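*Asks:* Pasting in a structure now, in structure tokens, and then I'll have a few things to ask.
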Amino acid sequence: KGSVKNKIVNYNVNKLKKKNKYTESQIRIYKYGLEATYSMITKLTVVFILSCFLNTFYETLYLTIIYTLVRSFAFGIHASSNLHCWIITLIVYTLVPLIIKSMYITNVYYYLIFVICSIIIGIYAPADTPKRPLIHEEKRRRCKLVTIIIISMLFILSLVIKKDIITNAILWSVIIEAICINPLIYKITNTQYNNYRYYKIKSV
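When you line the sequence shown up against our numbering, it's residues 1 to 204, in that order.
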């Protein structure tokens with residue numbers, strides 16, 4: 001019994017255990033990676049099927065690529081449960097592409113919003129979670145640097161590209177990340193912030 005996800009993950013984890021080459025810690029990391037990969041694939045499949053019905057495939061595609069690029073190094077808050085994650089994913093990836101498709105904003109407001117969100121991201125990146133504390137200071141510094149470089153490149157890209165669908169996707173990716181990385185959203189959702197500090201205290 002169990003979900004398809006659990007069956008697939010457990011099958012692969014059991015195969016790994018039989019090799020007797022990995023520690024329990026390595027197996028836990030492997031299992032977490034499998035669960036994350038499965039969830040990502042299933043959510044993306046549903047999201048892109050919906051985008052075809054809503055005629056927002058390219059808007060969804062650009063948003064997914066750009067936002068994933070930023071979040072891969074800036075990180076940010078995660079939903080408290082798989083159900084909540086599904087709800088938020090479906091809302092964001094159906095509504096935002098529709099906004100991207102129809103939105104028009106003047107350059108002044110576009111770059112004002114972009115700069116404000118970029119400053120927020122630059123200050124608070126990377127933002128970890130209780131399940132994934134960024135305990136290594138060097139990694140945090142590296143992620144912050146890469147995040148700033150990515151945001152700067154996106155800013156330049158938005159100056160060069162004249163296609164609204166891409167510039168709007170860039171702006172909304174930055175907006176979403178600025179929300180997900182902000183300590184205020186952690187407080188609102190009652191999620192612990194700067195978990196690497198707690199990890200160090202707990203480990204003493």
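From the three backbone atoms N, C-alpha and C, an ideal C-beta is built for every residue, glycine too. Source: prediction; values computed, not measured.
1) Quick check on the burial criterion: 16 or more other C-beta atoms within 10 angstroms. Buried or exposed for Val70?
2) Do Ile150 and Phe73 have their CB atoms nearer than 8 angstroms?
3) Identify which residue in Asn6, Pro126, Ile105 has its Cα closest to the Cα of Ala178.
4) In whole angstroms, give me the CA-to-CA distance for Phe114 and Ile175.
5) Starting from Tyr109, follow the alpha helix (DSSP H) in both directions and report where the run begins and ends.
6) To the nearest angstrom, how far is the alpha carbon of Trp86 from that of Lys43?
7) From this set, Ala36, Pro133, Ser25, which residue's C-alpha is nearest Ile8's C-alpha?
8) With a CB to CB cut of under 8 angstroms and the five nearest residues on each side skipped, what residues in its chain are close to Ser240?
9) Straight-line CA distance for Asn190 to Ala79?
10) Would you decide whether Glu59 is buried or exposed? Buried here means 16 or more other CB atoms lie within 10 Å of its CB.
11) In whole angstroms, give me the CA-to-CA distance for Cys143 and Ile120.
12) Which residue wins for smallest C-alpha separation from Leu16, given the options Arg28, Thr94, Lys5?
13) For Asn168, tell me which candidate among Arg197, Lys5, Tyr104 has the shortest Cα-Cα distance.
14) List the endpoints of the continuous alpha helix (DSSP H) containing Leu54.
15) As an exercise, report each continuous alpha helix (DSSP H) stretch of at least 4 residues that is fully enclosed by the stretch 61-109, in chain order.
16) DSSP puts Ala127 in a beta bridge; with which residues?
17) Going along the chain, which residues of its own chain have a beta-carbon closer than 8 angstroms to the beta-carbon of Asn205, five neighbours each way excluded?
18) Only counting the same chain, and skipping five residues up and downstream in sequence, which positions put a Cβ closer than 7 angstroms to that of Ile161?
*Replies:* Taking the structure as given:
1) buried
2) yes
3) Pro126
4) 8 angstroms
5) 107-124
6) 7 angstroms
7) Ala36
8) This structure cannot settle anything about residue 240, because the visible part of the chain is limited to 1 through 204.
9) 11 angstroms
10) buried
11) 15 angstroms
12) Arg28
13) Tyr104
14) 24-54
15) 82-102
16) Phe75
17) Residue 205 cannot be examined here, being either before or after the span of the chain that is shown, 1 to 204.
18) Thr167
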